[in-house]
Structure formats: structure tokens, C-alpha cells
Amino acid sequence: MKRNIRVIGIVFLFVLSFFLLQHLVEPKYMTNLVEGSFTREYYQETEGHEVIFIGDCEVYANISPMVLYEEEGITSYVRGNSQQLLWQSYGILKETLKYETPKVVVFNVGAMRYGEPVSEAYNRLFFDGMKWSREKLETLSHSMTEKENLFYYLFPILRYHSRITELTKEDFTYFFKSKKITHNGFLINQEVKPVGTFPTERKLGKDDFDEICYKYLDQMRILCEEHGITFVLMKAPSLYPYWPDVYEQRIQEYADKYHLDYYNFKEKTEKIGIDYSQDTYDGGLHLNLSGATKLSTYFSHILKEKYQLKDGRKDDKIKEIYDKKLKLYREEIENR
Amino acid sequence: MARSKIVEWIFLFISLFVYLRFGLFGFCFLSFSVLISYFASLWMNRKNKKWLFIGTIFLFVSSFLFLKISFSSVSSFFPSVVAPLGISYFTLQILSYLADVYSGKIKPEKNLIRYALYLFYFPCLFLGPIHRYSQFQKAFDERHFSWSSFLHGWMRILLGLFKKLIVAGRMSIWISAWTLHAEGGAYALFSMIGYSLLLYCDFSGGIDLVLGFSNMLGLTLQENFDRPFFQTSVSDFWNHWHISLSRWLRDYIYIPLGGNRVGKIRQKINVILTFLVSGIWHGTHYLLWGLFHGILVSFPSLSKTPWTWVNRLLTFLLVSISWAFFLYPDSLSALQMIGSLFTTFQYPSFFRQILTYGLDSIQIGICFVATVGLFWYESKRTWIHQKLKKSSLEFQIVVIGSLSLIVLLFGVYGIGFHVEEFIYSRF
Chain L
290 MKRNIRVIGI
300 VFLFVLSFFL
310 LQHLVEPKYM
320 TNLVEGSFTR
330 EYYQETEGHE
340 VIFIGDCEVY
350 ANISPMVLYE
360 EEGITSYVRG
370 NSQQLLWQSY
380 GILKETLKYE
390 TPKVVVFNVG
400 AMRYGEPVSE
410 AYNRLFFDGM
420 KWSREKLETL
430 SHSMTEKENL
440 FYYLFPILRY
450 HSRITELTKE
460 DFTYFFKSKK
470 ITHNGFLINQ
480 EVKPVGTFPT
490 ERKLGKDDFD
500 EICYKYLDQM
510 RILCEEHGIT
520 FVLMKAPSLY
530 PYWPDVYEQR
540 IQEYADKYHL
550 DYYNFKEKTE
560 KIGIDYSQDT
570 YDGGLHLNLS
580 GATKLSTYFS
590 HILKEKYQLK
600 DGRKDDKIKE
610 IYDKKLKLYR
620 EEIENR
Chain U
725 MARSKIVEWI
735 FLFISLFVYL
745 RFGLFGFCFL
755 SFSVLISYFA
765 SLWMNRKNKK
775 WLFIGTIFLF
785 VSSFLFLKIS
795 FSSVSSFFPS
805 VVAPLGISYF
815 TLQILSYLAD
825 VYSGKIKPEK
835 NLIRYALYLF
845 YFPCLFLGPI
855 HRYSQFQKAF
865 DERHFSWSSF
875 LHGWMRILLG
885 LFKKLIVAGR
895 MSIWISAWTL
905 HAEGGAYALF
915 SMIGYSLLLY
925 CDFSGGIDLV
935 LGFSNMLGLT
945 LQENFDRPFF
955 QTSVSDFWNH
965 WHISLSRWLR
975 DYIYIPLGGN
985 RVGKIRQKIN
995 VILTFLVSGI
1005 WHGTHYLLWG
1015 LFHGILVSFP
1025 SLSKTPWTWV
1035 NRLLTFLLVS
1045 ISWAFFLYPD
1055 SLSALQMIGS
1065 LFTTFQYPSF
1075 FRQILTYGLD
1085 SIQIGICFVA
1095 TVGLFWYESK
1105 RTWIHQKLKK
1115 SSLEFQIVVI
1125 GSLSLIVLLF
1135 GVYGIGFHVE
1145 EFIYSRF
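Here the protein sequences come in this chain order: L and U. So that you can map any letter, position 76 of the first sequence is 365 in the working numbering, and since no number is skipped, the others follow by simple counting. So that you can map any letter, position 174 of the second sequence is 898 in the working numbering, and since no number is skipped, the others follow by simple counting.
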């Protein structure tokens, strides 16, 4: 009996060591490649939201939920990540609906351009912080590139073991703790880089999106219908990658066909007040804090007016939570 | 059905499934070979057995040569024809079986399942070892699953992974960089020495996986390596390196040629001929390599000194230099690189740039410590195994757990690395 306990104890110690070492070599995404922490941060939310934004970098850089709250009392969250593909957006929406049922889901259509997995690095940023669930498995199976396999995700040590010789202070500092990177999914960037010249547009070779993109767009729309959620489409005012007229036409046709609201903010930049010499941090690809504030202010009025959203500022519980969030938001802006 | 028969069926079924996964053509070809050799062995009891033996040997050797050695030229005309995986291993086992039946050493196996399992046993598919029928059946009949054999097998697998992932994985990065330096000299010398370690760790590591996996199933198969780099002559090296192939060549080429029973000159010619066959078996490009070893084994005084350690070092260096034929694309480049060892040196520049060949100082340190640790283990292997055997279950679990974590953390594997590929599996 004593021997059995000893054996079980030793095995347990090794299993524990395995998981501790695995955690040590996993990237912490706190100071470098911070996008890797976006998916995980959502699980810290204690209350639901009225609006959920889904999409790629065109949402997490351009829509600030804090501004939406300040302006109209709208509670919202951005579930977006770098190069988030359609099936990943569908997966993250499905997962989100397990935790809450928002009134409106806004999907940024920029990712409709991409019909196949792009790279392992983007996959890791999206999946590393995602909780294990059926949604994760399904989304993974569609997202993995040829070189990847499920074991690398099940046991990240198999993917990151080589970091054992490249560990930095970050790996130890954030071994047991983590810091907030985003503000309800919005990443603050206050740098300014005016619009410059962009690479020549690549020939698209086709005048429509891939079938698979429509398939997942349909699934997101249906999922929202099933949950009684208003599904809204938007296109952020990014100047690059290009958004050709033919794409605009296809999205408009889709929105008309299913009676969806579609907002292309690229066509409303003057009205919003975006100045591309001041309001972008990377020459027009993404908006900076100033640009995002302008866009979010503009959109907050539309959302409030059109979808009769609740004013969270009148709810004591929400107000208390968001006051804390706003304090942190302002502090970060001031400290930068 | 008896329990052992059920086990045989399960093993065979899994093996056939594995073979089938590597292509229908290869699977059909090998299955057909099993049937032909099976019936040929049964009919060898009758009259005209000499012609039947010669006929079947000719059939298997010619099909092997057609598919394996002339494959590159054949493939341009028949792109769909690819050499079945494991054909070398398969052919050598069939030839040894037929020769043993013909000479009366063993009786032909009447049970087709047992015979098919001997040839199809899937862990040996990529690397061997090459078994004799009697050995394999003995191991199979005496198989005995126990926790002790399971743990022993597990440790063996971890040892194999240690060699393959920690040492060979890093060595291959270095060698890929060094062989790019066409000027040779120090680059060629370290490529050859490194390749010795790489090939040993890759090949013997793979064999450790095969033997370890078999151990876990309760089977004790033949060893294929026994500290080859501790040997003091090239002849001894061959008694300890790829033992199953060396013994196969000895029993089915060297001895039938006359072996030691002939005059001294004829004996030396027989040795050289045997190594030439070994060279051809690896591919026509390796004829000179076979000749080189044939001469060194025939004339041991060429590499003999009165000092054991010098002999050990000399043997290692000679064997390493001979790998040039494996390392470079053709015999001429291999000869040029061997020549460069004596004409082009470049040692200062080689060492000055040591950190630019793909491994940083930490990686070099890991590789060095792992190699030293491996050779220390090999030098104390018997003692370590005895200690482990006598040790408590708790201690064995600690060893397994620690080795597992070391391999997991310090192994070179993952995206961009093809750990499933073994250098020797292409022969």
C-alpha cells in the first residue's frame, strides 16, 4: 500500500512538472506579440454585453468599447484577432454565445478576402488563449496549416519546447499572473504614421469571395437568427489591404438579400472626421487611438439609435464595472 | 483459437495495415513475395530443389535490383513504379530464409501466418534489424509481457529518442551547413566526423525505438549495435555496427565464397568481395566505400598501432572518412573531399565561425553534454542496466520521467523538422 502511494506520488510529481514546464515555455504574450492574449482576456469578463464585435485587426484596432460606453452607455466587447479568418470568427462567435447573448453582433467583412489558412503564427495567436471546447476543436480542424497537427495544440510543449533555451524575464514574471492588454478587446495605439504609398494591388483573378467565406458568413448569420440577435455587417475604414468595388458590391448584395444592415465606414471618413495624416498608426492600415475614438463615437450613435440598446450607465452594477474599466483606460492613455 | 494464435493474427493484421498505408503497389508486391517464397520453401523438400532455390533467389535478387538500385532510371519511364518501402529488409530476410531451408538449417514453416508475420513485422519496416527466421520465431515463441519488460522497453524508446532528437537533430543542422563549404578541409573533416555521430545516433536511435517497442510487447529482438565506436579495428567495428547486416553478409556471401577455409590471398579477396556486395546493396555509388572497408578489413595492419586508444581513434577516423561516400552526392566529390583533408585546412576560419553554422553556444553546449553523456552511458551500459534491473520501481519511474522531460524539452523536433525520417531507411 505504502509503495503504491509512493509510485502514485512520483507519477503525480512528474505530471505536475510536465505541466509547469509546458507553461514555462509557452509564450506569455504580455510584452511581445500581445495579440496572443486577446482571446484569453474575454474569459475574465463577469457581465454580458449588448454588442459583440467580431473580425480581424480591423476591429480590435478601430473600435473602442470604452468610447461606446462613454458616449452612449453601450456595453460591448471586441472578439477580434490578427488575421482572424471567417471560420475562426464563426468559432469565436459560437463560443461567445455559450457565455452570453448580446443584442447585436457586428461582423467586420474585411476577412472575406481570405479563403484558406494563412500561417501557423496567426493560428497560434488566435488559439493559444482559447479554452478547450467543441468550438475550439472544430475551428482548429479548419484552421490548421499543412505543417500543424492537433497534438501541437493539445500539448503546447511539443510546439514551444525550443523556447527553453530562449526564455526571457517575461516568462518568469508572468508565469503565475498576467496583465490586461486590451480594453474590452480594443488595443490602444497612439502612434502616428500618416498615409503613405501602398504596394501595387495584386490581381485578384476573381470577382467574388471564396465559397467557404460565404459558408461561414451564412453560419454566423443563421446562428444570430437562432439566438434572436441582430447581425450587422461593417467595413472598417482601412485604406489597405484594398477593398475593391467588386467586393463592396458582393457584400451589399449579400446584405440586401438577407436584409442585413451594412456600414462601410470607408465611405464615411469625412463625416466621421478621420484625418489620415493624424489618425492612423501605420500609414492607413489601422486607425490609432484618435481615429478609433472618432469612429467609435460615430458608430455609437448609430448603434444606440438603430438598435435600441440599453444605457449601461443607468445600471449601478454595470456602471461600477465600467467606471473601473474607464479609469484603467484613461490611465493607460495618460501614461503612454 | 489458442491465445498465441490470436496474438499472431493481431500482429499480422496491424503490420499489413501499416504496409498498406504506404502504397498498394508495394503491399501487393511484398504479399506476392511472401507467397512465392512460402511455397518455394515448401517445395524445396522435393526433387530438383537446387534449381528451385536458384530460380527463386534469382527472382528475388533481380526484382530487388530492378526496383531498388535501378529505380531512378526506371521511374522516368514508369513514374507510378516506386520501390516498396522496406524492400531491402524484406528481400534479405527472404533470401536468408530460403538459404536456411535449402541448406537444411531450418525446416520450412508450414504456417503461412507465422511466416508472413516474420516478414511483415511492422516495427522493423524502416530500419530492421534483419532477422533470421529461427531467431524471430524463437523471440516470438518466448515472448512474455511483464511490467518489467514494459518499463525496460519504455526506457529503450526514450534512449532512442534521446539519440535521435537531442544529438542527431542538432548534428544534422551542423552538417547541412558544413557540407555547403565546397572547399573542404576542416569543413569536410568535421562533416565526416559529425556524420559518424549523426548516422550512429539516427540509426541506432531508430533501432532502439524498434527494440523498445518490441520489448513493451514482450518481445526481445536481436541487437543491431554494440558500442561500435569503442572498437579498436575496422574489422571489430563491423562486428558491432549494423550487426544483423554484417552477419547476413558473413553467412550468405562470405562463407559461401569460401570464408576462412581457403588460402590467405583468396580469403582477402573474399572479404573485399563481401564488402563490395555490401556497397552495392547500399547503391552503386557506394562501391568505392565497400572497397575501402574491404581493404581495411583484409589488411588490418594498415590501421594498427601498439596503443589501444590510438587504435580506437584511428578506427573512428577511418570509418568517419569513409562516410564521405554517403555524405557527398557522388564518388568523385567524395574523393575530392577526402583529398581536401590533406591539402586544404582552414581550421582557424572554421573555428572562428563556429557560431554561424546554425547552432548557438547553448545549443552547442547541449549537443556536447548529450554526446558525452551518451558515450558515458555506452561505456557503463552493462553496469547501468544491472543497477536499473535491481532498482526499485520508484527509481525506474524517476529515470523514465526525467528522461521523458529531457527529451521533450531539449529534442529537436516540431514544425520544419522531419523526425519521422531516418537516414538509413533509404537503403
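The beta carbon of each residue, even a glycine, is placed where N, CA and C say it ideally should be. Fair warning: this is a prediction, and the values are worked out from it, not measured in the lab.
Taking the C-alpha atoms as reference points, what is the distance between residue i and residue j?
i, j, result
"residue 908(U)", "residue 296(L)", "54 Å"
"residue 622(L)", "residue 554(L)", "25 Å"
"residue 303(L)", "residue 1126(U)", "8 Å"
"residue 895(U)", "residue 922(U)", "6 Å"
"residue 750(U)", "residue 1149(U)", "15 Å"
"residue 839(U)", "residue 1135(U)", "38 Å"
"residue 866(U)", "residue 734(U)", "17 Å"
"residue 744(U)", "residue 1131(U)", "31 Å"
"residue 1120(U)", "residue 1112(U)", "7 Å"
"residue 500(L)", "residue 506(L)", "10 Å"
"residue 293(L)", "residue 312(L)", "29 Å"
"residue 1139(U)", "residue 441(L)", "9 Å"
"residue 508(L)", "residue 1118(U)", "54 Å"
"residue 899(U)", "residue 915(U)", "5 Å"
"residue 603(L)", "residue 591(L)", "19 Å"
"residue 932(U)", "residue 1106(U)", "16 Å"
"residue 540(L)", "residue 316(L)", "37 Å"
"residue 811(U)", "residue 1114(U)", "41 Å"
"residue 481(L)", "residue 581(L)", "12 Å"
"residue 369(L)", "residue 1100(U)", "53 Å"
"residue 1014(U)", "residue 1000(U)", "5 Å"
"residue 451(L)", "residue 564(L)", "45 Å"
"residue 937(U)", "residue 325(L)", "39 Å"
"residue 944(U)", "residue 860(U)", "9 Å"
"residue 457(L)", "residue 1128(U)", "24 Å"
"residue 835(U)", "residue 301(L)", "47 Å"
"residue 757(U)", "residue 819(U)", "11 Å"
"residue 779(U)", "residue 766(U)", "14 Å"
"residue 959(U)", "residue 870(U)", "38 Å"
"residue 790(U)", "residue 1005(U)", "12 Å"
Could you please give the first and the last residue of the uninterrupted alpha helix (DSSP H) stretch that includes residue i?
i, result
"residue 1071(U)", "1071 to 1076"
"residue 326(L)", "No alpha helix (DSSP H) contains residue 326(L), which DSSP labels as neither H nor E."
"residue 501(L)", "500 to 515"
"residue 939(U)", "910 to 940"
"residue 1091(U)", "1085 to 1103"
"residue 865(U)", "857 to 865"
"residue 451(L)", "Element bounds for residue 451(L): n/a, residue is neither H nor E."
"residue 421(L)", "Residue 421(L) -> no alpha helix (DSSP H), and no H or E assigned at all."
"residue 1061(U)", "1055 to 1067"
"residue 605(L)", "605 to 624"
"residue 752(U)", "748 to 767"
"residue 459(L)", "458 to 462"
Would residue i be called buried (16 or more neighbouring beta carbons within 10 Å of its own) or exposed?
i, result
"residue 573(L)", "buried"
"residue 825(U)", "buried"
"residue 910(U)", "buried"
"residue 290(L)", "exposed"
"residue 515(L)", "exposed"
"residue 833(U)", "buried"
"residue 346(L)", "buried"
"residue 1090(U)", "buried"
"residue 620(L)", "exposed"
"residue 624(L)", "exposed"
Round the Cβ separation of residue i and residue j to the nearest angstrom and send it over; I've been treating them as touching at under 8 Å.
i, j, result
"residue 913(U)", "residue 1065(U)", "5 Å"
"residue 1051(U)", "residue 919(U)", "5 Å"
"residue 964(U)", "residue 950(U)", "4 Å"
"residue 342(L)", "residue 367(L)", "4 Å"
Let's see if you can read the secondary structure: which residues bound the beta strand (DSSP E) around residue i?
i, result
"residue 523(L)", "519 to 524"
"residue 397(L)", "393 to 397"
Exercise. Going along the segment 742 to 770 of chain U in order, which residues come within less than 9 Å of chain B, judged by CB to CB distance?
Worked result: The structure shown contains no chain B; its protein chains are L and U.
Exercise. Enumerated in chain order, which unbroken segments of the alpha helix (DSSP H) with a length of 4 residues or greater are wholly contained in the segment 527 to 593 of chain L?
Worked result: 534 to 546, 558 to 561
Problem set entry | Residue ranges of each alpha helix (DSSP H) within the segment 294 to 376 of chain L, 4 or longer | 327 to 330, 346 to 349, 354 to 361
Exercise. Which runs of the alpha helix (DSSP H), 4 residues or longer, sit entirely within the segment 986 to 1035 of chain U?
Worked result: 988 to 1006, 1011 to 1022
For this session: Could you tell me which uninterrupted alpha helix (DSSP H) segments, each at least 4 residues in length, are contained entirely in the segment 804 to 838 of chain U, listed from first to last along the chain?
Result: 811 to 827
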